[in-house]
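Peer 1:
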Amino acid sequence: MADDQFYRDYILDHFRHPRNYGRLENPDIAHEEYNPLCGDLVGMDFRIQDGTIEDVRFHGRGCAISQASASLMTERLKGMPLEEARKITKEDVLAELGIEISAARLKCALLPLKVVKVGAYGLTDVDEEEFGS
Amino acid sequence: MLATYDVEALRQDFPFLQTGVAYLDSANTSQRPRQVLEAMERYFTGFNANIHRSAYRASEQATEAYEGARDKVRAFLNAASRKEIIYTRGTTEGINLVAYSWGRQNIRAGDLIVLTIMEHHSNIVPWQILAREKGARLAYVDVDEQGLLRQDQFETLLQQGPRLVCFTQVSNTLGTINPYREMTASAKAAGATVLIDGAQGAPHLGIDVQETGCDFYAFSGHKICGPTGIGILYGRRELLEAMPPFMGGGDMIRAVRLYDTDYAPLPEKFEAGTQAIAEAIGLGAAIDYVQGVGLDAIHAHEQALAEYALEALSEVSGLRVFGPPASGRAGVISMWMDGIHPHDLSTILDRHDVNIRAGHNCTMPLMERLGVPATARASFYLYTTRKEIDRLVAGLEDAKRIFG
Numbered sequence: 010m011a012d013d014q015f016y017r018d019y020i021l022d023h024f025r026h027p028r029n030y031g032r033l034e035n036p037d038i039a040h041e042e043y044n045p046l047c048g049d050l051v052g053m054d055f056r057i058q059d060g061t062i063e064d065v066r067f068h069g070r071g072c073a074i075s076q077a078s079a080s081l082m083t084e085r086l087k088g089m090p091l092e093e094a095r096k097i098t099k100e101d102v103l104a105e106l107g108i109e110i111s112a113a114r115l116k117c118a119l120l121p122l123k124v125v126k127v128g129a130y131g132l133t134d135v136d137e138e139e140f141g142s
Numbered sequence: 006m007l008a009t010y011d012v013e014a015l016r017q018d019f020p021f022l023q024t025g026v027a028y029l030d031s032a033n034t035s036q037r038p039r040q041v042l043e044a045m046e047r048y049f050t051g052f053n054a055n056i057h058r059s060a061y062r063a064s065e066q067a068t069e070a071y072e073g074a075r076d077k078v079r080a081f082l083n084a085a086s087r088k089e090i091i092y093t094r095g096t097t098e099g100i101n102l103v104a105y106s107w108g109r110q111n112i113r114a115g116d117l118i119v120l121t122i123m124e125h126h127s128n129i130v131p132w133q134i135l136a137r138e139k140g141a142r143l144a145y146v147d148v149d150e151q152g153l154l155r156q157d158q159f160e161t162l163l164q165q166g167p168r169l170v171c172f173t174q175v176s177n178t179l180g181t182i183n184p185y186r187e188m189t190a191s192a193k194a195a196g197a198t199v200l201i202d203g204a205q206g207a208p209h210l211g212i213d214v215q216e217t218g219c220d221f222y223a224f225s226g227h228k229i230c231g232p233t234g235i236g237i238l239y240g241r242r243e244l245l246e247a248m249p250p251f252m253g254g255g256d257m258i259r260a261v262r263l264y265d266t267d268y269a270p271l272p273e274k275f276e277a278g279t280q281a282i283a284e285a286i287g288l289g290a291a292i293d294y295v296q297g298v299g300l301d302a303i304h305a306h307e308q309a310l311a312e313y314a315l316e317a318l319s320e321v322s323g324l325r326v327f328g329p330p331a332s333g334r335a336g337v338i339s340m341w342m343d344g345i346h347p348h349d350l351s352t353i354l355d356r357h358d359v360n361i362r363a364g365h366n367c368t369m370p371l372m373e374r375l376g377v378p379a380t381a382r383a384s385f386y387l388y389t390t391r392k393e394i395d396r397l398v399a400g401l402e403d404a405k406r407i408f409g
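Protein sequence lines, in the order shown, are assigned to chains A and B. All letters in the first sequence, in the order written, are residues 10 to 142 by this note's numbering. All letters in the second sequence, in the order written, are residues 6 to 409 by this note's numbering.
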């Protein structure tokens, strides 16, 4: 397959060269999510100023989809008002990835969204179905 | 025997294989031949009725087919009596039946239960539940670098006088064929009750339970060319007779009064409720099919495939293959590719119409021991071809190219 329609160049590029990768010193918020089924891990550190995400870094390991999705997510979040970030949906994430995600891989794609929702907003009663569980 | 092994002819029996997919996930669930589907359809269309209950011909015919399948299983395992063959939903239910019934009656505080690190979760979790309830202890036999059970450790644990020893005949992740006869003999000599998980063993090696001397043996229909929702627990009669029922309900009783019940004799004592009749009949047909091909021939075929695959995979750079050499393994190969997560490998292989398993294979403690979060696993059965292994290798190379 010369041109794989799933692992498109920009997905692989984000996987190989993740944006905003690393940790922040003394972050205002830090949260990690882990999928024990496949070992995917995504964590994010946030610096918040005047209700806006001034800086964000992610770290993690796992499949190309989870890590590329996290990288894309940090690009989207940087400089975004918290109120706006709160409204990011599953559909937004999938649209940004721009590929057909099968049910089995949904969890990988949505792990970074779960980090944002659970971590940044302290949601405790998360509807697991929302994140592909 | 291999000279007469006509894999292409066998493949004609399997409708799904006609789709052109290279199905390399038989350790997960096998494909089912027409013979099995037809046996089930004959029941549904010809004598669809409940068993054991009604005095009309269809019901009698259904009972005959259902009990006939039990006889086939008895012969397949060489059990001494058909009373020792209990229908379950699968291996998991069989092990749970033993844990809840025999375990609750026989395991006491401080007792030692010996397991191995390569067990499937279904041969770990029921024992954790039991051990917690009873205050019993669990101990695990480790694997060596080749993926073989540490027999020295096993012997040491046996010296502590375990009450129960449970291990798998064949590892679903490493493919390791355990020396189950020797291990059973040692454990019995040490006074332990022995349960063997035959989920991966029964379809590829079979077993002679009398010669082996195990007390319990559980396997699933769907990994041996049969349907899902049906499995077998073999139990030594003396033990089954002494055990309390696992589930109460219809069919497992002789007489019910308001405040007590006489239970049915074996095997019905452990078969409460309406059974998976079509599935039991399908399992009987599957066992006929597998025995028709011949377990020795199947094993030889898979061993040759494993040898071929291990050789081909050793040429793929960056690929780590777990488990023992072909001589000691069934048709199961777990892999880890540097820089490519098993999920990504599986997705790319799927785009080549090659189906493998990606994940922890329900062996999380073993994953931890191997130091990987998951593996990509290819597994073979009687219908697998070298061409399919070539397609696997080509898919792996493509994955490397995409991620390169």
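Idealized CB from N, CA, C, for every residue including glycine.
#1: Could you spell out where the beta strand (DSSP E) holding L315/B opens and where it closes?
#2: Cα separation between I282/B and E98/B?
#3: Can you give me the Cβ contacts of T178/B inside the same chain, cut-off strictly under 6 Å, excluding the 5 residues immediately before and after it?
#4: Whole angstroms is fine: what's the gap from H23/A's alpha carbon to M342/B's?
#5: Any beta-carbon of chain A closer than 7 Å to the one on P378/B?
#6: Just to confirm, are C171/B and L117/B a CB contact at a threshold of 7 Å?
#7: Quick check on the burial criterion: 16 or more other C-beta atoms within 10 angstroms. Buried or exposed for A60/B?
#8: At which residue ranges does the stretch 244–280 of chain B contain complete beta strand (DSSP E) runs of 3 or more residues, listed in the order of the chain?
#9: If we ignore side chains and look at the alpha-carbon of each, how far apart do A44/B and L122/A end up?
#10: Identify which residue in I129/B, P184/B and G152/B has its Cα closest to the Cα of Y145/B.
#11: Does chain B have any CB closer than 7 Å to the CB of A73/A?
#12: Taking only three categories from DSSP, how would you classify P121/A?
#13: I'd like to know whether the C-beta of M6/B is nearer than 7 Å to at least one C-beta of chain A.
#14: Report the residue from M257/B, V261/B, A141/B and E284/B whose alpha carbon sits nearest the alpha carbon of A70/B.
#15: Just curious, the beta strand (DSSP E) that Y71/B is in, first and last residue?
#16: Between the beta-carbon of V359/B and the beta-carbon of G180/B, is there less than 7 Å?
#17: If I follow the unbroken beta strand (DSSP E) through A381/B, where does it start and stop?
#18: Does the distance from the CB of S64/B to the CB of I100/B come in under 7 Å?
#19: Assuming contact is defined by CB atoms lying nearer than 7 Å, are A331/B and L318/B in contact in what I supplied?
#20: Please report whether the beta-carbon of H346/B lies at a distance below 7 Å from any beta-carbon of chain A.
#21: I'd like the list of long-range same chain contacts for A54/B, defined as Cβ closer than 6 Å, with 5 residues on each side in sequence excluded.
#22: From which residue to which residue does the beta strand (DSSP E) around G69/A run?
#23: Could you check whether P232/B and G287/B sit closer than 7 Å to each other, using their CB atoms as the reference points?
#24: Short check: CB of L200/B to CB of V103/B, under 7 Å?
#25: Can at least three beta-carbon pairs, one atom from the stretch 371–391 of chain B and one from the stretch 302–315 of chain B, be found at a separation below 8 Å?
#26: What residue range does the beta strand (DSSP E) around V51/A cover?
#27: Whose CA, out of R56/A, T98/A, F67/A and G71/A, lies closest to the CA of D49/A?
#28: Is F408/B helix, strand or coil when you go by DSSP?
#29: What residues in the stretch 389–408 of chain B bring their beta carbon closer than 8 Å to a beta carbon of chain A?
#30: Across the stretch 203–215 of chain B and the stretch 84–97 of chain B, are there enough close Cβ pairs to call them in contact, namely three or more that are closer than 8 Å?
#31: Mind listing the chain A neighbours of H365/B? Cutoff is C-beta to C-beta under 9 Å, in chain order.
#32: Can you give me the Cβ contacts of A11/A inside the same chain, cut-off strictly under 6 Å, excluding the 5 residues immediately before and after it?
#33: Looking at the structure shown, is Y10/B part of a helix, part of a strand, or coil, going by DSSP?
#34: What residues in its chain sit with their C-beta under 6 Å from that of P167/B, if we drop five residues either side in the sequence?
#35: In the DSSP assignment, find the unbroken beta strand (DSSP E) run with A144/B in it and report its ends.
#36: Less than 8 Å between the CB atoms is what I'm expecting for Y222/B and L387/B, so what's the real figure, rounded?
Peer 2: From the atom records:
#1: Careful: L315/B lies outside any beta strand (DSSP E), inside the alpha helix (DSSP H) at L300 to S319.
#2: About 17 Å.
#3: S339, N366, T368 and L371
#4: 19 Å
#5: Yes, P378/B counts as interfacial toward chain A.
#6: Result no, Cβ atoms of C171/B and L117/B do not sit closer than 7 Å.
#7: Counting C-beta atoms within 10 angstroms of its own C-beta, A60/B has fewer than 16 neighbours from the protein chains shown and is therefore classed as exposed.
#8: For the stretch 244–280 of chain B, the continuous beta strand (DSSP E) assignments of 3+ residues that do not extend past its boundaries occur at 258–261 and 266–268, in sequence order.
#9: 49 Å
#10: I129/B
#11: yes
#12: Correct three-state label for P121/A: helix.
#13: In this predicted model, M6/B has a pLDDT of only 45, less than 50, meaning its place in the structure is not dependable enough to derive any value.
#14: E284/B
#15: Annotation: Y71/B is outside any beta strand (DSSP E); the continuous alpha helix (DSSP H) that includes it extends over R62 to L82.
#16: When the beta-carbon positions are compared, V359/B and G180/B stay at least 7 Å from each other.
#17: T380 to S384
#18: no
#19: no
#20: yes
#21: A63, S64 and A67
#22: T61 to R70
#23: yes
#24: Taking 7 Å as the cut-off, the beta carbon of L200/B is found closer than this to the beta carbon of V103/B.
#25: Verdict: yes, contact present.
#26: Note, V51/A: beta strand (DSSP E), D49 to Q58.
#27: G71/A
#28: helix
#29: D403, I407 and F408
#30: yes
#31: P45, L46, C47 and G48
#32: Confidence at A11/A is low in this model, with a pLDDT of 42, below 50, so its placement is unreliable and the value that follows should be read with caution. For A11/A, where only same-chain residues beyond five positions count, there are no Cβ hits under 6 Å.
#33: coil
#34: Correct list, in chain order: L117, V119 and A197.
#35: From DSSP, the beta strand (DSSP E) with A144/B extends over R142 to V146.
#36: Separation of the CB atoms of Y222/B and L387/B is rounded to 21 Å, and the pair is thereby denied contact status at 8 Å.
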